[in-house]
Each structure stands twice: as C-alpha cells, then as structure tokens.
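Asks: One structure coming up, written as structure tokens, with questions to follow.
Following this line, the structure appears as structure tokens:
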C-alpha cells in the first residue's frame, strides 16, 4: 500500500462536536416522477433529460435528474435546486435522500442532499453555509448500517474511527485522510483534496470530496478503542476503532458548494483526479450551472 500522508488538520474537541453539521438526520424526499418535461433542461438536444425523485422546499423543489446521449448512455447525473428552494435554505439544516431516475446511472444508487448553515470542520475552512451533495455508490441499507455501536447512545455524530486502508487503485491522487478519521454516522469517512485552494490560503467556494467505508465492519464489535476528550464535560471517552488490517472502498463522491458560489451566475466544470473502482466508471468532472431562473444544476460529468 502507498503510505498516506498525515491528514490535513487536527480535529479538537470543540470541532469534533460540530461534526453534527455533517451527520445529522436525513429525511426521505417526497414524490417521484421520471421523464417529466421541465422548462429548462441541464443539457441541450440531443441529450435527453430524465427526472427522478423530488422534495418540496418552502414553495420550491429539489429534484434529481440524469441525461443520456443518443446511444442512451449516461452523460450527466445530478440534482436541480430551483430558485424558490435555493432562497429557502437559510438558517435551518436540511437533509434529504432522493432516488435517481430509472435509467442506467452506473454504480450510483441514490443522492444525499444536505444543507449546513454553519458548515462543519475543519474550522476556518468549511465552517460557512454550504451544500453537501452525496452521490452514493452503495444502497440506503448499507448507509443506515453505519450506526449504533458503543457510541450509539451518545450525542456524537460518528460511529468511531477508521483504521482500514484503501486500495491504491481506489485512492484518489492528491487526496488525504483526515487527521482523525471519523466515520460519520450513516455516511462514512471523508477523503479531502489536499491541493484544493481552501487549504492554501483561499476562501472555500467549491470542492470535491471522496467518501469511504469498510462494509464488513460490525459496529457492535470494534477492534480497539482510543481515548478522546469528547464527553459532555470534556471527559475522556473510549472511541471505537474499526477496520484494523482490512480494506475499505470508495462509497460516495461529494461536491461541496457554498451558497454564495451556487447563487452566482457561473457555469464551471472542474476536472478531478480519477480513482479506479472495482466496477463502473467514476465521473471525471462536476459541473455547476445556473438554470436562468434563480436556481442551479449540480452534476457529475465525463463518465
């Protein structure tokens, strides 16, 4: 295995407790329409747009979609946030799970759409209002199983700490483990882009995160524990350690985008390093495209 660099930033107690901003409860979306006509499609003819599940947000709508080319091959996979919904995301957290349309979406199973008004760690990097848009490559049941364990009764938003490695052919170039490899409840751990501008003096605007987990983990049977000052009064807590000597895998990809950047009149595709999964193909870019009516499309591209 390639030696992984030390993580980007430490996560002290006051930051670790703020991780609730990443791993809070998620609400299922409502309604499902496939192939619905829409006033403004994300890709022009000859691409066909297929609409998936939606959720109503204060008079607006968040809806998944996919586009296919003339050969019926996936050309983009994404989510549309209309202008009314975008305006509604303000002081309250929002967490949704939405199904993709019934077309071949490669290895992608469902979408997790989170809005965090206070952001989340690392502090002074991602602690600004932004959207976390998770494209999961495992099913909802697998994600729901990342829960419980010895910390299940505590108000902490993580299962424990990861100790597994990730195969070299899946570990994305330029990315690093976080310094404390928290496994976020019903999500997994996060791999961060060490080359991203926000880690080199610029303000965070948008980035691309990989998620990982070892699905063989039994939350009720950790391999070990490590003591961390995470109790309500700062007392030490025995935090479970999982996956010692095993291998994890990439389980999601996640564009993270600030509300300011998503509201700007921009259309920008950003290339990403490609990690090679066991099956399927990873996208090579993600795109942010205003819809012309105050909303925006966010998509994975270049499969």
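Numbering (the working numbering), first residue to last: 3 to 305.
Idealized CB from N, CA, C, for every residue including glycine.
Tell whether a beta-carbon distance below 9 Å holds between residue 137 and residue 79.
Replies: Numbered from 1 along the chain shown, position 135 holds the residue referred to as residue 137. Numbered from 1 along the chain shown, position 77 holds the residue referred to as residue 79. Yes; because the gap between Cβ atoms is below 9 Å, this pair is in contact.
Asks: Less than 9 Å between the C-beta atoms of residue 67 and residue 299, yes or no?
Replies: Numbered from its first residue, the chain shown carries residue 67 at position 65. Numbered from its first residue, the chain shown carries residue 299 at position 297. Contact flag set, yes.
Asks: Short of 6 Å in beta carbon distance, which residues of its chain neighbour residue 297, apart from the five on each side in sequence? Order them along the chain.
Replies: On the chain shown, residue 297 is found 295 positions in, with the first residue counted as 1. Here the set comprises 83, 84, 85 and 88.
Asks: Report back the beta-carbon spacing between residue 185 and residue 215 to the nearest angstrom; my notes put them in contact at under 8 Å.
Replies: Reading the chain shown from its first residue, position 183 is the one you call residue 185. Reading the chain shown from its first residue, position 213 is the one you call residue 215. Indeed, because the Cβ distance is near 7 Å, the residues count as touching under 8 Å.
Asks: Starting from the C-beta of residue 223, find all residues in its chain whose C-beta is less than 8 Å away, skip the five residues before and the five after it, and write them out in chain order.
Replies: As a position in the chain shown, residue 223 is number 221, starting the count at 1. Same-chain partners within the cutoff: there are none.
Asks: Would you report the Cα separation of residue 105 and residue 69, rounded to the nearest angstrom?
Replies: Taking the chain shown and counting its residues from 1, one reaches residue 105 at position 103. Taking the chain shown and counting its residues from 1, one reaches residue 69 at position 67. Going by the C-alpha atoms only, they are around 9 Å apart.
Asks: Quick test of the definition: if touching needs 3 or more C-beta pairs under 8 Å, does the segment 92-108 touch the segment 147-160?
Replies: Contact between the segment 92-108 and the segment 147-160 is absent, because fewer than three Cβ pairs lie under 8 Å.
Asks: When DSSP labels each residue in this structure, what does residue 199 get in the three-state scheme?
Replies: Start at 1 with the first residue of the chain shown, and residue 199 comes out as number 197. Of the three classes helix, strand and coil, the one that applies to residue 199 here is helix, per DSSP.
Asks: Output the distance between the C-alpha atoms of residue 264 and residue 55, rounded to the nearest integer angstrom.
Replies: On the chain shown, residue 264 is found 262 positions in, with the first residue counted as 1. On the chain shown, residue 55 is found 53 positions in, with the first residue counted as 1. Taking the straight line joining both Cα atoms gives about 21 Å.
Asks: In three-state terms, what does DSSP make of residue 237?
Replies: Walking along the chain shown from the start, residue 237 turns up at place 235. Coil at residue 237, not helix or strand.
Asks: Is it buried or exposed, residue 295, if we count other Cβ atoms within 10 angstroms and call 16 or more buried?
Replies: By one-based count along the chain shown, residue 295 stands at place 293. It is exposed - the Cβ of residue 295 has fewer than 16 other Cβ atoms within 10 Å.
Asks: Classify residue 246 as buried or exposed, calling it buried when 16 or more other Cβ atoms lie within 10 Å of its own Cβ.
Replies: Locating residue 246 in the chain shown gives position 244, where the first residue counts as 1. So residue 246 ends up on the exposed side.
Asks: Taking the continuous beta strand (DSSP E) assigned at residue 101, which residues delimit it?
Replies: Here residue 101 refers to the residue found at position 99 of the chain shown. Element bounds for residue 101: 96-101.
Asks: Helix, strand or coil, according to DSSP, for residue 173 in the structure here?
Replies: Counting from 1 along the chain shown, the entry for residue 173 is found at position 171. Reduced to three states, the DSSP call for residue 173 is coil.
Asks: Relative to the C-alpha of residue 255, which candidate in 163, 262, 112 and 73 has its C-alpha closest?
Replies: Looking up residue 255 in the chain shown gives position 253. With distances taken between Cα atoms, residue 255 lies closest to 112.
Asks: Using CA coordinates, which residue listed in 221, 217, 75 and 242 is at the minimum distance from residue 229?
Replies: Here residue 229 corresponds to residue number 227 of the chain shown, with the count starting at 1. Comparing Cα-Cα distances from residue 229 to each of 221, 217, 75 and 242, the minimum goes to 242.
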